[in-house]
């Protein structure tokens, strides 16, 4: 009996050894130093329907060791090819390079608005099917050529180019001027019938000197002074060595780009969707009311965040959606340029009420823009409407996208000032002397 057990044990061990030897082959393996990693990729329209691919490649030695000051450009190199498909372009690039392309560490995909306006479904299918493209790769829409955006990107303050793009695309968390834009989320929203997709709006800042700021800031917007964020990526009033900008959001209807939001409108999008984390927000001094062309206007700067998730209610009345959005914000007074004290009592209540009404009007204008100009439910109001249906077929036959274009909005906002910064009370200098 023991002999039989020993024989069985021997056979099992032999089978295990055979399996180990046959499954550990490395005929298709590739060494790390035989690959070149794509940091960012740009897609533009090519000739006769081709796709023009621009790939920013990490130079392994430069990235690993760290470039010398002033030599950041040596950390990357760029290759541009043209082919009918993305994989065709990869083949062309591989025939030119000494290493094999690998997209496993790609941080950003930039698609030109020229392509986005015609539809990006076929490219999104590629990103989601190919195993080297990670779902959390950032997606950006460039108003100009994506190739130009990648060429002008200079990670001045960051030696690692991949880290630079990661921080650039996550800047929305501290500014509110852009959106969290990932390939996986955009793809899901494009295929959904209860919401639409947005993506970060990127471009090259073409201003060469601060004297050109007047082109952007000289004309009031809607009879009001141009505020921070009242522009998109190509017209940010800033001069810097790196010309790549992330400001605003591209709005989609299905897989086609339907329009764009500027930076300030994007803040309101984040408020309605409950994604706002932190934002510095400027309002006129309540004593002065609305902002005119007076350059000496006084302002109050607040640091805003959501006190709790917004509440969205949808009711159908005579086949028209009536949408009510409740938004509760908390704020900190960062600075008050006027003489009135808004830190306590009646002054504090005045600032809270004024800020709430000021923001309410802007959010209402933003929501009406999604209805009238884009006809795109980017705030996902349809998700709330879908909850009223018991089965999927009824929801599909409801045709929410057609109903949304007739929506009526009611915005309810409340701002609670929790802290007043490092000053307990503001005393005008004229009173102190």
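Numbering (the working numbering), first residue to last: 759 to 1191.
All C-beta atoms in this analysis are idealised placements derived from N, C-alpha and C, irrespective of residue type, glycine included.
Go through its chain and collect everything with a Cβ distance to residue i's Cβ below 6 Å, but skip five positions before and after it.
i: residue 1062; result: 1037, 1039, 1087 and 1089
i: residue 814; result: 797, 798, 834, 836 and 908
i: residue 942; result: 893
i: residue 1060; result: 1039 and 1089
i: residue 828; result: Here the model assigns residue 828 a pLDDT of 43, short of 50, so the residue's position is not dependable, and the following value carries that caveat. Closer than 6 Å at Cβ, skipping near neighbours: no residue.
i: residue 1050; result: Confidence at residue 1050 is low in this model, with a pLDDT of 48, below 50, so the placement of that residue should be treated as unreliable; the coordinate-derived value is given next. The answer is none, since no qualifying residue turns up.
i: residue 997; result: 968
i: residue 1052; result: Residue confidence is low: residue 1052 scores 49 on pLDDT, short of 50, so the model does not pin down where it sits. Its coordinate-derived value is still stated next. Hits under 6 Å: none found.
Once DSSP output is grouped into helix, strand and coil, what is the label at residue i?
i: residue 887; result: helix
i: residue 769; result: helix
i: residue 699; result: Residue numbering for the chain in the displayed model covers 759 to 1191; residue 699 lies beyond these limits and cannot be assessed.
i: residue 1034; result: coil
i: residue 914; result: coil
i: residue 1007; result: strand
i: residue 860; result: strand
i: residue 1168; result: strand
i: residue 1138; result: coil
i: residue 1016; result: strand
i: residue 1155; result: helix
i: residue 1025; result: helix
i: residue 774; result: helix
i: residue 1177; result: strand
i: residue 1089; result: strand
i: residue 1063; result: strand
Keeping to the same chain, check which residues put their C-beta closer than 7 Å to that of residue i; ignore five residues upstream and five downstream.
i: residue 1207; result: Nothing about residue 1207 can be reported from this structure: the residues present for the chain run from 759 to 1191 only.
i: residue 930; result: 936, 937 and 938
i: residue 884; result: 844
i: residue 933; result: 1037
i: residue 823; result: Annotation note: pLDDT 49 at residue 823 (below 50); position unreliable, no value reported.
Under the assumption that residue i contacts residue j (Cβ atoms under 8 Å), give the Cβ distance between them as a whole number of angstroms.
i: residue 992; j: residue 962; result: 7 Å
i: residue 875; j: residue 1015; result: 5 Å
i: residue 869; j: residue 904; result: 6 Å
i: residue 1266; j: residue 1166; result: Residue 1266 cannot be examined here, being either before or after the span of the chain that is shown, 759 to 1191.
i: residue 1012; j: residue 948; result: 6 Å
Residues in its own chain within less than 8 Å of residue i by CB, not counting five upstream and five downstream?
i: residue 1124; result: 1019, 1023, 1026, 1027 and 1030
i: residue 792; result: 857 and 858
i: residue 1128; result: 1009, 1134, 1135, 1136 and 1137
i: residue 964; result: 992 and 1001
Considering only DSSP beta bridges, list what residue i is partnered with.
i: residue 840; result: 810
i: residue 802; result: 810
i: residue 1042; result: 1057
i: residue 1001; result: BP columns for residue 1001 are empty, so no partner.
i: residue 899; result: 869 and 959
i: residue 1163; result: Answer is none; residue 1163 lacks a bridge partner.
i: residue 1079; result: 1074
i: residue 816; result: 834
i: residue 1148; result: Partner(s): none; residue 1148 has no beta bridge.
Just list the alpha helix (DSSP H) runs in the segment 1093-1128, keeping only unbroken ones of 4 residues or longer that don't cross its boundaries, in chain order. 1103-1127, all fully within the segment 1093-1128.
In the segment 923-995, which residue ranges form an unbroken beta strand (DSSP E) of at least 3 residues, counting only runs that do not cross its ends? 956-962
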